[in-house]
Every structure is written in structure tokens, then in C-alpha cells.
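*Asks:*
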Amino acid sequence: MRKKIPLILSALLFLAFFVPQSFGRDDVRSDVSQDLSAKPYSQAEQESELFEKRFLELIKMSVEKYKDISSLDPLFVLALIKAESNFGKYEISSSGAAGPAQLMPFTAEEMGMKVFFPYYYQIALDEREMAAKYYARAKEAASKISFENSPEENERLASQVKLYREIGSWHEAQAKSLFQRYKEELLSKVKDKTDEELMEIDQRFIVPLAIDVCVRILANNARKLNGDHRELASSYNAGLSAVISSGGIPFINQTVTFQNRVMRFYREYLKDG
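In C-alpha cells:
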């Protein structure tokens, strides 16, 4: 007669699978998201409607600039930026995306922007990757626990689950600590700086430049996605390759939530005319 898996193994099995899919994608926003010190935008910030119109004018200029790549609706871009940062100049996510367009350091650098890129940021990325790998190993080991196994084999697998989860948690803690360090150090460097000063520190916080890069990315992606707005929003969040390989919207919690937010704001803007 087959022996039942002990309750402790069942508990470990549950814990092994209870790893958030969004690990490393947390998007905690800066407490100073509405503190816009750049002179051209400080007055507009006092009225959200006027502030959005100021962004919209900048978006229209960039959309016109890149229309030969792909034609974009400025209101869609406005909705995307609202979903990304709520127009916060100093927005910094827990993984290092920054500015109103929430550009990741690597992405911004590839687009020709000067970015604050300390050595430990790459270490943070490596630690996050290691955590994900060990969590995956824990899930794999847990999936092998079965009524078909001997109690000894299930005990061995349960021990692996526990070990891999502990190692994953350690790497996750290291990654979070380094990302938080990056967020705090970056904010201290850019807050209250003029656009001229930001040119030499991190250009993701210069609103016109951030918008221009955002529109350029969207235009390049749109050319390969046949104008589907949901897929386009998803490509900005998860990457174009993720959308193409998935054949549509990737099944990533953060990405699904993000594109839903973008489309909700987009519908509101279209309704308001």
C-alpha cells in the first residue's frame, strides 16, 4: 500500500510553489514622485490637467519626429507614461527603472543616454538572476515529490526544496539591498538638479529626452507588432522579444496589469477627446 506523503512534505511542497512570479519586477514608486523641480514643469504640476497637456505637447513633437518609423497616437503614449510614472520626473522603481518614462539603465544606455551606472547595479541583477534560478530548482524538486516515491526519496527531495529556497531567499535579499542602494543613491544625485546638470548625471530625468526615447522605442516596436496597442504596451514593459516569443501578451503578472492600466487610461483620454 502506498504511503501518504507526510504533512511536513505537503507543507514544503506548497511553500516551494509559493514563489511570486513577479519576483524582481516589483515596481515600488519613489515617495517624491510628484516633486518636479525643473522650472519649465513646476508650475504645470500644480494642475494635473495642465501638466498632462504639457507632456502631450512634448509627445506630439516626438511622434511627429518618428512618424516615418511608425505612426503612433499621442494619447496612447500619454496613457503609457501615466501608467508608468503618473508623470513623476523623479520616479525610480525598485529595480532601477527611472524617470517619467521608467527607462531601465541598460535600455537608456543603448538608446544613447547618459546613465548613472555604478558597478554594484550589475551585481544586483546577477543576484536577482541567481535567486530566480534557485527558486526554479526548488519548484522542480517539489514537483518530483510523489506518492509513487519511497518516504526516503520524498524526504531527500523535501530537503532539496528547503535548501534551494533558503539559497534563493539569500540571493533575493542581496539583490533587494543593492537595488535599494541604487535607488537611494540615484535619487540623491538627481533631485533638485537642473536639466543642464542632469545631462552629466542621468538623462532619464530630463523630461523631453525621456519622452523622446520612449516614443522612439514604441515606434520601433510598433513597426513589428501590427499596431496592436495591448501588445505594444506589453512590449514596453516586458520587452519586444517577450511579446514576439509569446505570440501576444506575455503571461507575466506585472505585464498583464500594466497593459490593462495603459488601455484604461487610453480609453479615458479618447473619451475626453
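In mature numbering (1 follows the signal peptide of the UniProt record, and there is no 0), the protein residues as written are -24 to -1, 1 to 249.
Backbone N, C-alpha and C define an ideal beta-carbon position, used for all residues, glycine too.
1) Buried or exposed: which applies to residue 99, given that a residue is buried once 16 or more other Cβ atoms fall within 10 Å of its Cβ?
2) Quick check on the DSSP output: the alpha helix (DSSP H) that includes residue 58 runs from which residue to which?
3) Check whether the Cβ atoms of residue 91 and residue 192 lie closer than 8 Å to each other.
4) Under a three-way DSSP split, which group does residue 186 fall into?
5) CB-CB under 6 Å to residue 182, same chain, minus the five flanking residues each way: which ones, in chain order?
6) Near residue 35, which residues of its chain fall below 8 Å by C-beta distance, leaving aside the five closest residues on each side in sequence?
7) Residues in its own chain within less than 7 Å of residue 38 by CB, not counting five upstream and five downstream?
8) Considering only the beta carbon of each residue, do residue 144 and residue 107 sit closer than 8 Å?
9) Sorted by chain position, which residues of the same chain lie with C-beta nearer than 7 Å to residue 195's C-beta, five sequence neighbours on each side aside?
10) Should the stretch 78 to 86 be called in touch with the stretch 114 to 123, which here means at least 3 C-beta pairs below 8 Å?
11) So what's residue -4 in DSSP terms, helix, strand or just coil?
12) Using DSSP bridges, identify the partner residues of residue 79.
13) Are at least three pairs of beta-carbons, each pair with one atom in the stretch 119 to 131 and one in the stretch 58 to 65, less than 8 Å apart?
14) Which whole-angstrom value describes the C-beta separation of residue 231 and residue 202, a residue pair presumed to lie in contact below a C-beta threshold of 8 Å?
15) Taking only beta-carbon positions, decide if residue 244 is within less than 8 Å of chain D.
16) Would you identify the three-state DSSP class for residue 45, choosing helix, strand or coil?
17) Where do the N-terminal and C-terminal ends of the alpha helix (DSSP H) with residue 231 fall, by residue?
18) With DSSP collapsed to three states, give me the class of residue 68.
19) How about residue 157 and residue 96: do their beta carbons lie closer than 8 Å?
20) CB-CB under 7 Å to residue 162, same chain, minus the five flanking residues each way: which ones, in chain order?
21) What three-state label does DSSP hand residue 124 in the structure shown?
22) Whose C-alpha, out of 245, 76, 136 and 70, is nearest the C-alpha of residue 250?
23) Using CA coordinates, which residue listed in 31, 244 and 185 is at the minimum distance from residue 87?
24) For residue 148, tell me which candidate among 123, 124, 109 and 134 has the shortest Cα-Cα distance.
*Replies:* Walking through what the data contain:
1) exposed
2) 50 to 61
3) no
4) helix
5) 171 and 174
6) 50, 53, 54, 57, 187 and 191
7) 187, 188 and 191
8) yes
9) 42, 45, 46 and 48
10) no
11) Legend: pLDDT at residue -4 = 41, less than 50; position of this residue unreliable, value from coordinates given subsequently. Of the three classes helix, strand and coil, the one that applies to residue -4 here is coil, per DSSP.
12) 74
13) no
14) Contact flag wrong, Cβ pair sits at about 18 Å.
15) Of the protein chains in this structure there is only one, and it is not chain D.
16) coil
17) 229 to 248
18) strand
19) yes
20) 68, 74, 92 and 178
21) coil
22) In this structure the chain extends from -24 to 249, so residue 250 is not present and cannot be described.
23) 185
24) 109
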